[in-house]
Each structure stands twice: as structure tokens, then as C-alpha cells.
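J.:
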């Protein structure tokens, strides 16, 4: 019997296609949030809370609802209706960003940065002063010699 071995000198798949077909996780990109007026329902309602007649009599509270997601935002931070409309749109945009982008949203990145900073400070304090758990155990053993 005769067997013939063939060796390939070129790969079966080109380099760009290999990169495209690789099993490495693809880095997800953050989507930009755009508010369209057709997706919003805007209501102007009377305010409530402290402020007396100036708040209770005027229509200065804004309620925005994003129809596709059902997210609802109310804003009554100022006495001006126009300023409240702008603030409500900002709040809705932030909530949509968190809803759509999740960990890639601005607020999640800000929270992760703060958490990382706190962890770094805790590591530095632990390095400088020692672990408080270990110090607590040492103090208990010094105060109570019958524990051993």
C-alpha cells in the first residue's frame, strides 16, 4: 500500500478572518443615547411639597415617560418649568444610559472609579497601620490570658 501525505504551506483561513472568528471576547462599545421627541410623553403637573402657595398653585413639575422602555422621570427641582424640562431630560438620559449600557454607562463607570479609589485607600491604610481584624485579635489575647 502506498500512502501520500500532503502538507499545506498556507493556512486554510486568512489572518483577518481568523481574527474575526477568534473565540476571544469582543470588547463591547457604549451606545450613545439619543432622546427622540416621538418616544417621549411629557406632562406638566402641579408641584407638591414645601414651598406653600408658590409651589401648590403653579404647574412647574415635569413628568417624562420614555414609551419604548417605560422609564418615568419626575422633576420639580426649580420653580421654572423650562429648567425642570431640561433637568428631567438629563435625568431620563442618565437612566436610559444605565438601562441600555449597564456596566459601560457613565454612572456605572463613576461608581466603579469611586469603589476602586476606596479599595486603594483601604489597601494603603492596611499597609500603614496593619489589618484591624488582626489587631483586634491581638488585643483580646493580651487582655484575657485565660483564653489560651
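Residue numbers (full-length UniProt numbering): 1 to 148. No residue lacks a Cβ here, since even glycine has one placed at the ideal position from N, Cα and C.
If we ignore side chains and look at the alpha-carbon of each, how far apart do residue 74 and residue 130 end up?
T.: Reading the chain shown from its first residue, position 74 is the one you call residue 74. Reading the chain shown from its first residue, position 130 is the one you call residue 130. Their backbone Cα atoms lie some 47 Å apart in a straight line.
J.: Rounded to whole angstroms, what is the Cα-Cα separation between residue 87 and residue 121?
T.: Here residue 87 is taken as the residue at index 87 of the chain shown, counted from 1. Here residue 121 is taken as the residue at index 121 of the chain shown, counted from 1. Answer to the nearest angstrom: the Cα atoms are 34 Å apart.
J.: Give the DSSP bridge partners of residue 46, in chain order.
T.: As a first step, residue 46 is located in the chain shown; it is residue number 46 there, counting from the start. Per DSSP, none; premise fails for residue 46.
J.: Please list, in chain order, all residues of the same chain as residue 46 whose beta carbon is under 6 Å from its beta carbon, the five residues on each side excluded.
T.: Mapped onto the chain shown, residue 46 falls at position 46. If we look at residue 46 and ignore the five residues flanking it on each side, its Cβ neighbours are 59.
J.: Take residue 80 and list the residues in its own chain whose beta-carbon comes closer than 8 Å to its own, dropping the five residues that flank it on each side.
T.: In the chain shown, residue 80 corresponds to position 80, counting from 1. Hits under 8 Å: 60.
J.: List the residues that DSSP assigns as beta-bridge partners of residue 65.
T.: Counting from one through the chain shown, the residue named residue 65 turns up at place 65. Beta-bridge pairing links residue 65 to 41 and 72.
J.: Among 64, 110 and 50, whose alpha-carbon lies nearest the alpha-carbon of residue 39?
T.: Position 39 of the chain shown, counted from the first residue, corresponds to residue 39. If we check each option's Cα against that of residue 39, 64 comes out closest.
J.: Residue 41: buried (16+ other C-beta within 10 angstroms of its C-beta) or exposed?
T.: Along the chain shown, one-based indexing puts residue 41 at 41. Residue 41 should be labelled exposed.
J.: Please confirm if the region 48 to 55 is in contact with the region 111 to 127, defined as three or more CB-CB distances below 8 Å between the two stretches.
T.: No, the region 48 to 55 is not in contact with the region 111 to 127.
J.: Using alpha carbons as the reference points, say which of 110, 91, 127 and 107 lies closest to residue 62.
T.: As a working note, residue 62 is residue 62 in the chain shown. Residue 91 is the option with its Cα nearest to residue 62.
J.: According to DSSP, is residue 100 part of a helix, a strand, or is it coil?
T.: For the purposes of this step, residue 100 is identified with residue 100 of the chain shown, where counting begins at 1. In this structure, residue 100 counts as helix in the three-state DSSP scheme.
J.: Using beta-carbon positions only, say whether residue 33 and residue 109 come within less than 7 Å of one another.
T.: For the purposes of this step, residue 33 is taken as the residue at position 33 of the chain shown. For the purposes of this step, residue 109 is taken as the residue at position 109 of the chain shown. Cβ distance not < 7 Å, so residue 33 and residue 109 don't count as in contact.
J.: State the Cα-Cα distance for the pair residue 28 and residue 49, rounded to the nearest angstrom.
T.: For the purposes of this step, residue 28 is taken as the residue at position 28 of the chain shown. For the purposes of this step, residue 49 is taken as the residue at position 49 of the chain shown. One C-alpha to the other measures close to 43 Å.
J.: By the 10 Å Cβ neighbour count, where 16 or more other Cβ atoms means buried, how is residue 97 classified, buried or exposed?
T.: For the purposes of this step, residue 97 is identified with residue 97 of the chain shown, where counting begins at 1. Answer is buried; the Cβ neighbour count reaches 16.
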